[in-house]
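Chemist: Per the working numbering, the sequence shown starts with residue 19, numbered consecutively. Right, I'll just put the structure down here and ask away after.
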Amino acid sequence: MQWMRALVYQLQCLYKQVLEKSNDADPFDPMRNIKGNIVTDSAPFPVGSLWRKWDLHIHSPGTKLNDQFKLKDGDVLTEYCRKVHESGVSAFGITDYFSADSYFSFIDKFRELYTKSPKVFFPNIELRTSDVVNVAKEEVNVHIIFNPFQPEYEKKIRTFLQHLKTNKTGNGSRNVKASELTTTVDYEGATTTRNFIQEAFDETYGQKADLADHVLIFTAANNDGMRTETETIDGKQRGIKRKAVITDELDKFSDGFLGNSGNAEYFQRTDRLENKKEAAKPKPVVSGCDAHSFVELDKWLGKCDLEEGRVIRQPTWIKADLTFEGLRQIIYEQSRVFIGEEPEVEGRVRGNQTKYIRSVYLTQADGYAGRCGMWFQEENIELNKELVAIIGNKGSGKSALTDIIGLLGNSHNQKSKIATGKPEILFSFLNKEKFLKNQCASNFKGELRWHAGVPDQKILDATVDESLPEKVEYLPQKYLERICANIEDNEFRSTLDEVIFGYVQRADRFDKTNLDDLISYLAQQDEESIRAAKSLLHEANEKVVSIEKKLVPDYRREVEEKIRLKQEELKSHETLIPPKPEPAPENISDTAGAAELGTVEKSITELRLRIGELGQEQTQVASQTEELKQTRKAIERVPEALKALKTKHEASLTAVGLDFNNIIKITIDYDTLDQVIETKTSRLNEICSFLASEEDIASSTSDDTNKAVARSASLVCQLAELNQKKLGIVERLGRPEREYQANLEKRTKWETRKRELLGDEQNPTAHTIRGLQQELNKITNDYSKDMDSARTYRANISRDIFKEKLNLTSFYNSVKQSIDKEIEKYRDELGDYDISIEAGLRFDASFYEEFFRYINQAVKGSFHGTEDGKTVLKKLCERVTNWESEEDIFSVLDSIVDFLHNDRRDELLVGENTARDIFKQMKNQKDPVDLYDYVFSFDYLKTEYDLKVDEKDLSELSPGERGGLLLVFYLMLDRSDIPLVIDQPEDNLDNKSVYEILVTFLKRAKKRRQIIMVTHNPNLAVVADAEQIIHVSIDKKNGNDFDFYSGSIENPEINKRVVDILEGTLPAFDNRRLKYRKQGK
């Protein structure tokens, strides 16, 4: 029967291919459903909402008023269509006064010339109202943008104009309709009212119609919003009441406003109405070029135009599908609109293309005959660059997709890092109970394709290589469950360590590479009870471990891989090299302006160089100053130690006629040391003043005089002023000279980024290409030479502190304050969710129990096996018959070290390799330095910190609070810029965490990194305004055939699937009803 199953499988594959090929249209062509002048609103945009340029206020040839579109030769409309087609704008509002004639003329011509163009055009009828609110006595213009995706939209527009009354009257005092206007004089004098507009809507669509399905109303606004001018009466500023009321009514009448970036913030305010008790709705502002001629079209369409630093025109970017539904989405998510040169995320993605996933490709391995079912067959799932939400019913394959991304992206969360026995597999789909069962996964392969760089490929039964860097951060559902169930505190702490360390200022790291090392460094001298020998022991252990760590093969592979990735990033960067700027010809160059510009640029270059030098000096002086302060504290302990020694031994010395003071004499003079510390501290403060930013100055003082003094001293502020001055000079220059300066700036930025990737030739930083290559050379030639001497040095220090005990603090305020400062920035968003961090100590006097907190007994080694390992350790310790015998104790310590690095179990085969890697025996990748400190100092203490939520520490937190804390740190504080993948985060959170924490920080985090999230509750995707929703399903009755449909929130089919998952009901908590298409239309 095997042949029959194979035949059925092949028929299934063939049937699927036929279905896929049945639609000849390109599925990514947004114009595939345009038929004549009728545009259906179901064109697929599978990658979801993307940033595109929109111009919703642009006139075309034939516009009723001020038509300046002229040509000496050729057809005007053909030339207009060409310019529109070649522009970088994707969506247009073709505008005319009290008419749509020019829109229809244009759309017919454009479709004739460019049948496959992806551009979309909306009819925009501009109506001059009789409302006057400004001092210039200008009437307010209202723009009606019609939905061209609706059936018979042309007929509806004409019906609207036939019913729209103007204020002009004809015979019998009858109001002239808009459709009856014929001459230029008619159109110049035409005005209407809001009531007339509403009446025309009612006649056209019916009084019960939802107008937002058919039209959107945008009102023209000035830089101050639409507030009326004020007048001074008896020394008081008073608004003109009647006009203020009109302004408010216009505001309520409108869905949005046509303005610029200067008034966008105003229309987000809820207190902008005259009646302050009435809250206004936040509304979007878009800009338009309002071009009436080819000159204006060339100058303004999709471009920024500045004159003497003043904004004339700016392009509008909208993140939405090229549909009316996409446009309507900005009414509810104003953050989808950006007015200016380019949204920040677009530049970030362009500069980090190797860190954004373009698509996931899944298919069957060569020769697969269908033994396990169809599953994946040439599935190419394109991903949005911001927030991607994966939805589907239970068992639909949601987690399958994220597990595969985690595997392909080398996530280190494939299995638990800390376990008493065998590590738990955290992937919920790629495990032996599911897709790995019966070697099913070995028949399928995947490929992670990036926006730049080599794709990552794996067979789906592969294992993650934790010695190589992660390319995605993946939080599987089981990982979140472990954390929230309080299974492993240390696993949680290890994760948070990495996040926290990223927020310690570089100058405050003192060349340390992780939080544990930094804490140890800062804490080693800060407690009175810490002895100098103890800190020396810790440093000796760090030295030993750092050498051991760099001698393991995995470390060499990690460095080599980092070099490869950096070189790949450099290669990608070099493909983006801007053309070499060409100076403006001398015959059209502004010589005087160019000379002035050259002087300013020279000053800017000198300042940048000086700022860079000061930054390097700041790091060096800060490190030196801290070292000197630590040294002084160490010296300060000497008199106290001497006093304790005298108390202890003075009586015995006196008994034999000896004077303690004659035996030991110490003179301490701090003057020269204090002078050096004071000098360096003063220099450090001086450097800080030179490098102070405007933000630093504002936060340091509220006094205006002090601010002025600080600004005058700050090189950073001086640089900002010079840059502003340069901008002004450039704006005064001719267009060729301005273009040359703009190209020169692009070239300079590109070269700066290249230097950052390569690193300095003499002193490269650790994570540059040259720095990594230096490290590889040290691994080969240097690190193996000092191991024996380092271990001997450690043993000598340990003998000196044999019976001493130590009280260690986890870290000091310098680290705590860094974290507090970052948390405080988000205090408003956190609300009542009170996160804090506190220093503390953990102590455990049980040697056996503490020892095995570090050792993973599931890993091969002398201490393998829970009971067997404890027996081995006990036998070693039992060799000590006298715990006051230094030789007996150190003989056992030497044996423990030997047992850690060599497998001494009796059951090993003769000739078997006994060498063992101590790092792989550490639980949850704990640092062997801590184990060595514990063993050689005879103190059962380890340094830790405590995080608290609502005054409760980790052990007291509920599962929901722990889950919230973890996600807050990933979304709020984690500075990693690789994709973050989260599997069903809401499962482990309470409602407070979901709606007050998760949604807020998802919206923030997606601006700086790609986020892919699985959720069984589509409401979460909607409220977080996901750019892309992917609905997945597995047809278990048809060979487990995987299928997916992807698009934006505004996509009608996505709307339907969201509601279907919610059992046909709209989300009650979310009042954004227009995000969902009504079913049954």
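The C-beta atom is built at its ideal place from N, Cα and C for all residues, glycine as well.
May I have the straight-line CA-CA distance separating glutamate 713 from glutamine 638, to the nearest angstrom?
Modeler: Against the sequence shown, residue 713 aligns to sequence position 695. Against the sequence shown, residue 638 aligns to sequence position 620. Cα to Cα, the separation comes out at about 24 Å.
Chemist: Restricting to Cα atoms, I'd like to know which of Leu145, Thr81, Ile914 is closest to phenylalanine 124.
Modeler: For the purposes of this step, residue 124 is taken as the residue at position 106 of the sequence shown. Nearest C-alpha to phenylalanine 124: Thr81.
Chemist: Note down, one range per segment and in chain order, each beta strand (DSSP E) of at least 3 residues found wholly within the stretch 307-394.
Modeler: Taking only runs of at least 3 residues, the beta strand (DSSP E) segments lying wholly in the stretch 307-394 are 323-325, 328-331, 334-338, 355-357, 375-382.
Chemist: Can you give the Cα-Cα distance for leucine 1080 and cysteine 307, rounded to whole angstroms?
Modeler: If you number the sequence shown from 1, residue 1080 lands on position 1062. If you number the sequence shown from 1, residue 307 lands on position 289. Those two C-alpha atoms are separated by around 42 Å.
Chemist: Would you mind reading off the limits of the alpha helix (DSSP H) that contains glutamate 867?
Modeler: On the sequence shown, residue 867 is found 849 positions in, with the first residue counted as 1. Run containing glutamate 867: 865-872, per the alpha helix (DSSP H) assignment.
Chemist: Hey, could you find the ends of the beta strand (DSSP E) phenylalanine 167 is sitting in?
Modeler: What you label residue 167 is simply residue 149 of the sequence shown in a count that begins at 1. That residue, phenylalanine 167, is in no beta strand (DSSP E); it is neither H nor E in DSSP.
Chemist: Between Val138, Asn795, Arg756, Arg331, which lies nearest to arginine 575 when the distance is taken from Cα to Cα?
Modeler: Counting from 1 along the sequence shown, the entry for residue 575 is found at position 557. Of the listed residues, the one whose Cα sits closest to arginine 575 is Asn795.
Chemist: Classify alanine 282 as buried or exposed, calling it buried when 16 or more other Cβ atoms lie within 10 Å of its own Cβ.
Modeler: If you number the sequence shown from 1, residue 282 lands on position 264. Buried.
Chemist: Indicate, with yes or no, if the ligand NAD has a heavy atom lying under 7 Å from the CB of leucine 1038.
Modeler: Ligands displayed in this structure: none; no statement on the ligand NAD is therefore possible.
Chemist: Between which two residues does the beta strand (DSSP E) carrying glycine 111 extend?
Modeler: As a position in the sequence shown, residue 111 is number 93, starting the count at 1. Its beta strand (DSSP E) spans residues 107-115.
Chemist: Quick one: measure Cβ to Cβ for asparagine 165 and valine 233, integer angstroms, because I've assumed they're closer than 8 Å.
Modeler: Locating residue 165 in the sequence shown gives position 147, counting from the first residue. Locating residue 233 in the sequence shown gives position 215, counting from the first residue. Asparagine 165 to valine 233, Cβ: 7 Å. Contact.
Chemist: Based on the DSSP secondary-structure assignment, which residues constitute the bridge partners of methionine 940?
Modeler: The residue labelled residue 940 in the question sits at position 922 within the sequence shown. Note: methionine 940 sits in a beta bridge opposite Ile873.
Chemist: Contact between the stretch 992-1007 and the stretch 1015-1030: three or more CB pairs below 8 Å?
Modeler: With a cut-off of 8 Å, the stretch 1015-1030 and the stretch 992-1007 count as touching, because enough Cβ pairs lie within range.
Chemist: Out of Leu660, Ser120, Gln759, which one is the CA nearest neighbour of histidine 310?
Modeler: Your numbering for residue 310 matches position 292 in the sequence shown. For the residues Leu660, Ser120, Gln759, the minimum Cα distance to histidine 310 belongs to Ser120.
Chemist: Using the rule of at least 16 other Cβ atoms within 10 Å of the residue's Cβ for burial, across every protein chain shown, is arginine 845 buried or exposed?
Modeler: As a working note, residue 845 is residue 827 in the sequence shown. Result: exposed.
Chemist: Need the endpoints of the alpha helix (DSSP H) that threonine 222 sits in, please.
Modeler: Position 204 of the sequence shown, counted from the start, is the residue given in the question as residue 222. Residues 212-223.
Chemist: Under the rule that 16 or more other beta-carbon atoms within 10 Å means buried, what is valine 1076, buried or exposed?
Modeler: For the purposes of this step, residue 1076 is identified with residue 1058 of the sequence shown, where counting begins at 1. The residue in question, valine 1076, is buried, as its Cβ has 16 or more Cβ neighbours within 10 Å.
Chemist: Does the beta-carbon distance from proline 487 to lysine 71 come in below 8 Å?
Modeler: Start at 1 with the first residue of the sequence shown, and residue 487 comes out as number 469. Start at 1 with the first residue of the sequence shown, and residue 71 comes out as number 53. For proline 487 and lysine 71, no; Cβs fall outside 8 Å.
Chemist: Take the Cβ of leucine 1016 as the centre, count every other Cβ of all protein chains shown within 10 Å, and call the residue buried at 16 or more, exposed below.
Modeler: The sequence position of residue 1016 within the sequence shown is 998, counting from 1. Buried, by the Cβ-count rule.
Chemist: Is the stretch 371-378 close to the stretch 397-416, with three or more CB pairs under 8 Å?
Modeler: Verdict: yes, contact present.
Chemist: Which same chain residues, not among the five before or five after valine 194, have their C-beta less than 7 Å away from its C-beta?
Modeler: The residue you call residue 194 lines up with position 176 of the sequence shown. These residues qualify, in order along the chain: Thr184, Lys186, Thr187, Gly188.
Chemist: Here's the rule I'm using: 16 or more other beta-carbon atoms within 10 Å means buried, otherwise exposed. How should serine 700 be labelled?
Modeler: Position 682 of the sequence shown, counted from the first residue, corresponds to residue 700. So serine 700 counts as exposed.
Chemist: Have a look at glycine 1057 and arginine 467 and give me their C-alpha separation to the nearest angstrom.
Modeler: In the sequence shown, counting from the first residue as 1, residue 1057 sits at position 1039. In the sequence shown, counting from the first residue as 1, residue 467 sits at position 449. Straight-line Cα distance between these residues: approximately 27 Å.
Chemist: State yes or no: is the C-beta of phenylalanine 116 within less than 8 Å of the C-beta of alanine 238?
Modeler: What you label residue 116 is simply residue 98 of the sequence shown in a count that begins at 1. What you label residue 238 is simply residue 220 of the sequence shown in a count that begins at 1. Cβ atoms of phenylalanine 116 and alanine 238: not closer than 8 Å.
Chemist: Within the same chain, show all residues whose beta-carbon is closer than 8 Å to that of asparagine 814, passing over the 5 residues directly before and after it, in chain order.
Modeler: Walking along the sequence shown from the start, residue 814 turns up at place 796. The answer is none, since no qualifying residue turns up.
Chemist: Determine the DSSP secondary structure at threonine 187, reduced to helix, strand or coil.
Modeler: Your numbering for residue 187 matches position 169 in the sequence shown. Threonine 187 falls in the strand class under three-state DSSP.
Chemist: Helix, strand or coil, according to DSSP, for asparagine 411 in the structure here?
Modeler: On the sequence shown, position 393 is the one that residue 411 refers to. Note: asparagine 411 maps to coil in three-state DSSP.
Chemist: Assuming isoleucine 349 and isoleucine 336 are in contact, meaning their beta carbons sit under 8 Å apart, how far apart are those beta carbons, in whole angstroms?
Modeler: Counting from one through the sequence shown, the residue named residue 349 turns up at place 331. Counting from one through the sequence shown, the residue named residue 336 turns up at place 318. That pair is no contact at about 12 Å.
Chemist: So, is leucine 824 buried or exposed, given that buried needs 16 or more other C-beta atoms within 10 angstroms?
Modeler: Taking the sequence shown and counting its residues from 1, one reaches residue 824 at position 806. Its pLDDT being 38, under 50, leucine 824 is placed unreliably by the model, and the measurement read from it follows with that caveat. With 16 or more other Cβ atoms within 10 Å, it is buried.
Chemist: Could you tell me the alpha carbon to alpha carbon distance between valine 727 and lysine 743, rounded to whole angstroms?
Modeler: If you number the sequence shown from 1, residue 727 lands on position 709. If you number the sequence shown from 1, residue 743 lands on position 725. Going from the Cα of valine 727 to the Cα of lysine 743 covers about 20 Å.
Chemist: Decide if isoleucine 162 is buried, meaning its Cβ has at least 16 other Cβ atoms within 10 Å, or exposed.
Modeler: Locating residue 162 in the sequence shown gives position 144, where the first residue counts as 1. The residue in question, isoleucine 162, is buried, as its Cβ has 16 or more Cβ neighbours within 10 Å.
Chemist: Report all residues from its chain with a CB closer than 8 Å to the CB of serine 148; omit the five preceding and five following residues, and keep chain order.
Modeler: Position 130 of the sequence shown, counting from 1, holds the residue named residue 148. Once the five neighbours on either side are set aside, the close Cβ partners of serine 148 are Glu157, Asn185, Thr209, Thr210, Thr211.
Chemist: Can you grab the Cα-Cα spacing for the pair lysine 226 / threonine 177, in whole Å?
Modeler: As a working note, residue 226 is residue 208 in the sequence shown. As a working note, residue 177 is residue 159 in the sequence shown. Their Cα atoms are separated by approximately 17 Å.
Chemist: Excluding the 5 residues flanking methionine 940 on each side, which residues of the same chain have their C-beta closer than 8 Å to its C-beta?
Modeler: As a working note, residue 940 is residue 922 in the sequence shown. Here the set comprises Tyr872, Ile873, Asn874, Pro946, Leu949.
Chemist: For a test of the three-state rule: what should DSSP assign to leucine 1080, helix, strand or coil?
Modeler: Numbered from 1 along the sequence shown, position 1062 holds the residue referred to as residue 1080. Three-state DSSP puts leucine 1080 in coil, outside helix and strand.
Chemist: Please classify glutamine 395 as buried or exposed, where buried requires at least 16 neighbouring CB atoms within 10 angstroms.
Modeler: Along the sequence shown, one-based indexing puts residue 395 at 377. Buried, since its Cβ has 16 or more Cβ neighbours within 10 Å.
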